[in-house]
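The block underneath contains the structure these notes are about, expressed in structure tokens.
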Amino acid sequence: MNCQFWFGPNNSYFCVTAGGWVCSENTLPAAVFRVFIDENHAQAMDTPRDVAFAVDEGSYMVRWTAKNGKNYKKIPVGSNYARLGRFVDSNNPTLTTFGPGFSYFSFSHTGCSWQNIPPALEENIQNCMNVRRPACVALGVEGTYIVIFDDGTVTFDLQGKYPEAETIIQNRAKRNGLGYIALSPFRAGHYYAVCRNGSSLWNLPASWKEQVTAVSKGIRAVGQKTASSASSRKTQKVGWKEGLEMGVTVLNVAQAVMSLANT
Numbered sequence: 001m002n003c004q005f006w007f008g009p010n011n012s013y014f015c016v017t018a019g020g021w022v023c024s025e026n027t028l029p030a031a032v033f034r035v036f037i038d039e040n041h042a043q044a045m046d047t048p049r050d051v052a053f054a055v056d057e058g059s060y061m062v063r064w065t066a067k068n069g070k071n072y073k074k075i076p077v078g079s080n081y082a083r084l085g086r087f088v089d090s091n092n093p094t095l096t097t098f099g100p101g102f103s104y105f106s107f108s109h110t111g112c113s114w115q116n117i118p119p120a121l122e123e124n125i126q127n128c129m130n131v132r133r134p135a136c137v138a139l140g141v142e143g144t145y146i147v148i149f150d151d152g153t154v155t156f157d158l159q160g161k162y163p164e165a166e167t168i169i170q171n172r173a174k175r176n177g178l179g180y181i182a183l184s185p186f187r188a189g190h191y192y193a194v195c196r197n198g199s200s201l202w203n204l205p206a207s208w209k210e211q212v213t214a215v216s217k218g219i220r221a222v223g224q225k226t227a228s229s230a231s232s233r234k235t236q237k238v239g240w241k242e243g244l245e246m247g248v249t250v251l252n253v254a255q256a257v258m259s260l261a262n263t
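Laid out in structure tokens, this is it:
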């Protein structure tokens, strides 16, 4: 899907679609906010590539293409995410999500890396790699999760904490399937979902509604072409193989198809 949504600490967020991107203004890390907003900054952002905020304040990772045409990244994740730091340094592009308990899941063209994800989720992904591949992973509060596979299968454990999201999953056939979903690891019940027919649904703070509504109009149904823009997403098919690298579990499964944002 041509969209991504990231929840952050202090009621912050970042949303990107084919129609552009929006973010909270006063709650993002200062170094990130300057790059996003200040057009005179030497590394002023033109196109976001991967933006993710950890539950522990001050840890995040951002990749972007600047207006000067160069690619940059900021990864102040510290020792708690040493695996992620190594993975991001050696893979480009990436698509990352953080969860509670120093957990994360990150995709790249060559595979994926994770840490401290719920055991049931990890087992599910490892056991079905010869059958289907993860295309979207969402990590919520208290070990909740959703994984969307490339064959349309959805596996989840929401423990009743995201009832609206669970309803969307159960009724996804009416909207041609679920294409993307993000769970807030900060607050139960908050989510952002996009179905394969191009419709978007969410439960978010009221103060976010205007901007998120506007940028979500850029989402298109699967198979529908989107108008090009500086911050539009591009879809790429990826082949993976199995491997183990730098102490990080990296699954590279041959001829899998996965959509990565902003490649």
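Position 7 (the sequence shown) corresponds to 7 in full-length UniProt numbering; numbering is contiguous.
Beta carbons are placed, not taken as given, at the ideal position from N, Cα and C, and that holds for glycine.
DSSP links residue 12 through a beta bridge to 8.
The alpha-carbon separation between residue 161 and residue 69 amounts to approximately 42 Å.
Residue 6 places its beta carbon 7 Å or farther from that of residue 62. Assigned with DSSP and collapsed to three states, residue 175 falls in helix.
Per DSSP, residue 167 is one residue of the alpha helix (DSSP H) stretching across 163–170. Scanning its chain for C-beta atoms nearer than 7 Å, with the 5 sequence neighbours on each side dropped, one finds around residue 153 the residues 132, in chain order. Runs of the alpha helix (DSSP H) lying entirely within the region 110–152 and spanning at least 4 residues, in chain order: 119–127. In this structure residue 139 does not touch residue 96 by the C-beta definition: roughly 11 Å separates them, more than the 8 Å allowed. Rounded to whole angstroms, residue 127 and residue 37 show a C-alpha spacing of 43 Å. Scanning the region 24–94 for uninterrupted beta strand (DSSP E) segments of 3 residues or longer gives 45–53, 60–66 and 71–74, listed from N- to C-terminal end. In this structure, DSSP gives residue 182 an extended state, which the three-state scheme calls strand.
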